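Working notes, beginning with the structure itself.
Protein chains: 2
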Amino acid sequence: MNAERQSWKEVRDRIRDQILDRTYAPGDKLPRDADIAEQFGCARTTVQRAMQDLSDTGLIERKRKGGTHVRTDPVSRATLDIPITRLEVEKSGATYGYQLIDRRKLPMPRDIAAKLEQVEPIPMLRVQALHLADHNPHIFEDRWVSLETAPEILDVDLTRYSANEWLVRNKPYTRFDLRIYAISADEKIAKMLATEPGSALLVIDRTTWIGTATITSVRSFTVPGYQLLASN
Amino acid sequence: MNAERQSWKEVRDRIRDQILDRTYAPGDKLPRDADIAEQFGCARTTVQRAMQDLSDTGLIERKRKGGTHVRTDPVSRATLDIPITRLEVEKSGATYGYQLIDRRKLPMPRDIAAKLEQVEPIPMLRVQALHLADHNPHIFEDRWVSLETAPEILDVDLTRYSANEWLVRNKPYTRFDLRIYAISADEKIAKMLATEPGSALLVIDRTTWIGTATITSVRSFTVPGYQLLASN
DNA sequence: TCCTTGATTATGTAGCTACATAAAAATAAT
DNA sequence: ATTATTTTTATGTAGCTACATAATCAAGGA
Chain A
1 MNAERQSWKE
11 VRDRIRDQIL
21 DRTYAPGDKL
31 PRDADIAEQF
41 GCARTTVQRA
51 MQDLSDTGLI
61 ERKRKGGTHV
71 RTDPVSRATL
81 DIPITRLEVE
91 KSGATYGYQL
101 IDRRKLPMPR
111 DIAAKLEQVE
121 PIPMLRVQAL
131 HLADHNPHIF
141 EDRWVSLETA
151 PEILDVDLTR
161 YSANEWLVRN
171 KPYTRFDLRI
181 YAISADEKIA
191 KMLATEPGSA
201 LLVIDRTTWI
211 GTATITSVRS
221 FTVPGYQLLA
231 SN
Chain B
1 MNAERQSWKE
11 VRDRIRDQIL
21 DRTYAPGDKL
31 PRDADIAEQF
41 GCARTTVQRA
51 MQDLSDTGLI
61 ERKRKGGTHV
71 RTDPVSRATL
81 DIPITRLEVE
91 KSGATYGYQL
101 IDRRKLPMPR
111 DIAAKLEQVE
121 PIPMLRVQAL
131 HLADHNPHIF
141 EDRWVSLETA
151 PEILDVDLTR
161 YSANEWLVRN
171 KPYTRFDLRI
181 YAISADEKIA
191 KMLATEPGSA
201 LLVIDRTTWI
211 GTATITSVRS
221 FTVPGYQLLA
231 SN
């Protein structure tokens, strides 16, 4: 007869349970996929999928020939979703507003060049804009856009549409880089976000590439109290 | 004869390219997996794997019977790795140091209860500790540990080993929740981190569960200048 | 002893088939 | 017309086989 079909998620959970209850302690070697498959009465494919998932989430480590080991130092691997700012605001139930502060072609400053991993200076458009939630400042973004990769941005009416939105829709990236930190608001930023100079702000630096070509680099200054959420 | 074997990653990249070059624009419906498979001369399984990956990274959306569509509002999905603090410090090349500030059984305060999604008050251990990098303050952690889920923590010598490390090694979680924000350092925290009151700090709130049982909730105050990195 | 080379082996991946499942579309019943 | 039911269909998943690949281990040679 045949055992019940079991999904790889069930198998994953059972293996995870065995790790949690110390059947397999940190550092221990797990049996070969084939053996586990036999033990569970399922196909090796299924075990492989389960193992792959456990490996992805950082609970185990797998090496060809070396076998599977329970990680001694499991990492917390969280998924961070960064949506378009407008959608984020609207999802919270607030009315979204947008305001262009400045837009001009400028030579690429040194620090931006570094972030873009760009040696040759390329023409760029600098766009500063404010995102509002219920008419209150929400995020101030200071953005540099490559005019080599995205020259069409020059024809976009940035007083009406945010570069954020236009780029995300029209210039999909293949790679990006995030940097999250806190700063004290200086005079200018404080005024922009209608807060006090010196208040602590969460800043999100994001740079995107398509292939090796640079698209854009943004520094987003969030309003005091802003929180980034993640989970698994 | 047979076409060359192709990996699902190649297939994924080719499909992604077609999306990037607007063969399939945002909102467009992609052909059925089977048709793409035929077009590419590979098995449907391979296309399925490729599609699954594109779906995971937020570029496309898939629905049974509904088919596959290019997302109109692609999300940036980043993976955030949060290692054990000691390893993070050591990886940066600095010497790690640890210092227990306080450790006591306390009734569970209201805000912690909320974070733990805990209705009934349970006995908890509060642990405050400082992580050092090259003898300088690096992260100050304010932690609440459930004595129901992790009673063994009472037997751990927390003056020598950090609760962070002990928990991560001994109490694997099945779920966690992250919250990242910025605060201005108050007197106490400033002193702890050897910085000025009012400086902007990145704070990481992390709560973990095993099943529905709560394990711990930590608030980590990072030293000024601390950065969280993520990428895809 | 050290280095190279080759065999071994556990995981990784592709292709196939078969069936499950959700959702849309078509049809029947009210 | 509107609702309920059935059929259709595209994705999702499991199991199988076959082969690829990387890491390890063992054997052989300088």
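Taken in sequence, the protein lines are chains A and B.
Take the first sequence: its position 57, counted from the start at 1, is 57 in UniProt numbering, and no numbers get skipped.
Take the second sequence: its position 26, counted from the start at 1, is 26 in UniProt numbering, and no numbers get skipped.
By construction, the Cβ of each residue, glycine as well, lies at the ideal position given by its N, Cα and C atoms.
Computed from a predicted model, the values in this text were never measured in an experiment.
Which class does residue i belong to by DSSP, given the choice of helix, strand or coil?
| i | result |
| --- | --- |
| A150 of chain B | coil |
| T46 of chain A | helix |
| M1 of chain A | Note that M1 of chain A scores 31 on pLDDT, short of 50, meaning its location in the model is unreliable; the coordinates nonetheless yield the value given after this. Coil, per DSSP. |
| K115 of chain A | helix |
| E141 of chain B | strand |
| I180 of chain A | strand |
| M51 of chain A | helix |
| D35 of chain B | helix |
| W8 of chain B | helix |
| V75 of chain A | coil |
| M124 of chain A | strand |
| L158 of chain A | coil |
| I15 of chain B | helix |
| residue 247 of chain A | Nothing can be reported for residue 247 of chain A, as the shown portion of chain A is limited to 1 through 232. |
| T57 of chain A | coil |
| R110 of chain B | helix |
| A213 of chain A | strand |
| A25 of chain B | coil |
| T222 of chain A | strand |
| K171 of chain B | coil |
| A200 of chain B | strand |
| A230 of chain A | strand |
| E90 of chain B | helix |
| I185 of chain B | Strictly speaking, residue 185 of chain B in this sequence is Ala, with Ile absent from that position. It is coil, neither helix nor strand. |
Less than 8 Å between the CB atoms is what I'm expecting for residue i and residue j, so what's the real figure, rounded?
| i | j | result |
| --- | --- | --- |
| D81 of chain A | V75 of chain B | 5 Å |
| R71 of chain B | G58 of chain B | 7 Å |
| residue 237 of chain B | A133 of chain B | Past the boundaries of the shown model lies residue 237 of chain B; chain B is included only from 1 to 232, so the question cannot be answered. |
| S146 of chain B | T214 of chain B | 5 Å |
| G153 of chain A | W166 of chain A | In the sequence on display, residue 153 of chain A carries Ile and not Gly. Confirmed, about 7 Å. |
| E148 of chain B | P123 of chain B | 7 Å |
| L221 of chain B | L193 of chain B | For clarity, residue 221 of chain B is Phe in the given sequence; the question names Leu instead. Indeed, because the Cβ distance is near 7 Å, the residues count as touching under 8 Å. |
| N164 of chain B | E196 of chain B | Contact flag wrong, Cβ pair sits at about 26 Å. |
| L100 of chain B | T159 of chain B | 5 Å |
| D73 of chain A | L229 of chain B | No, D73 of chain A and L229 of chain B are not in contact; Cβ-Cβ is about 18 Å, not under 8 Å. |
| I183 of chain A | A200 of chain B | 5 Å |
From the DSSP output, which residues share a beta bridge with residue i?
| i | result |
| --- | --- |
| H135 of chain B | Per DSSP, none; premise fails for H135 of chain B. |
| G67 of chain B | B:K63 |
| Y96 of chain A | A:A133 |
| residue 289 of chain A | Only positions 1 to 232 of chain A appear in the structure, and residue 289 of chain A is not among them; the question remains open. |
| T207 of chain A | A:D177, A:S217 |
| I82 of chain B | A:S76 |
| L30 of chain A | A:T68 |
Exercise. In chain order, what residues of the stretch 17-38 of chain B put their CB closer than 7 Å to some CB of chain A?
Worked result: I19, L20, P26
For this session: Could you please tell me which residues of the stretch 79-98 of chain A, in chain order, have their CB closer than 7 Å to any CB of chain B?
Result: T79, L80, D81, I82, P83, I84, L87
For this session: Give, in chain order, every residue of the stretch 156-171 of chain B whose Cβ lies closer than 8 Å to some Cβ of chain A.
Result: V168, R169
Problem set entry | Members of the stretch 185-208 of chain A near chain B, C-beta cut-off 7 Å | G198, S199, A200, L201, L202
Problem set entry | Interfacial residues, the stretch 109-121 of chain B to chain A, with Cβ spacing under 9 Å | none
For this session: Give the residues from the stretch 217-232 of chain A that approach chain B closer than 9 Å (Cβ to any Cβ), ordered along the chain.
Result: T222, P224, G225, Y226, Q227, L228, L229, A230, S231, N232
Exercise. If contact means a Cβ-Cβ distance below 7 Å, which residues of the stretch 173-184 of chain A contact chain B?
Worked result: R175, F176, D177, L178, R179, I180, Y181, A182, I183, S184
Exercise. Of the residues that make up the stretch 54-82 of chain B, which ones have a beta carbon closer than 8 Å to any beta carbon in chain A?
Worked result: G58, L59, T72, D73, P74, V75, S76, R77, A78, T79, L80, D81, I82
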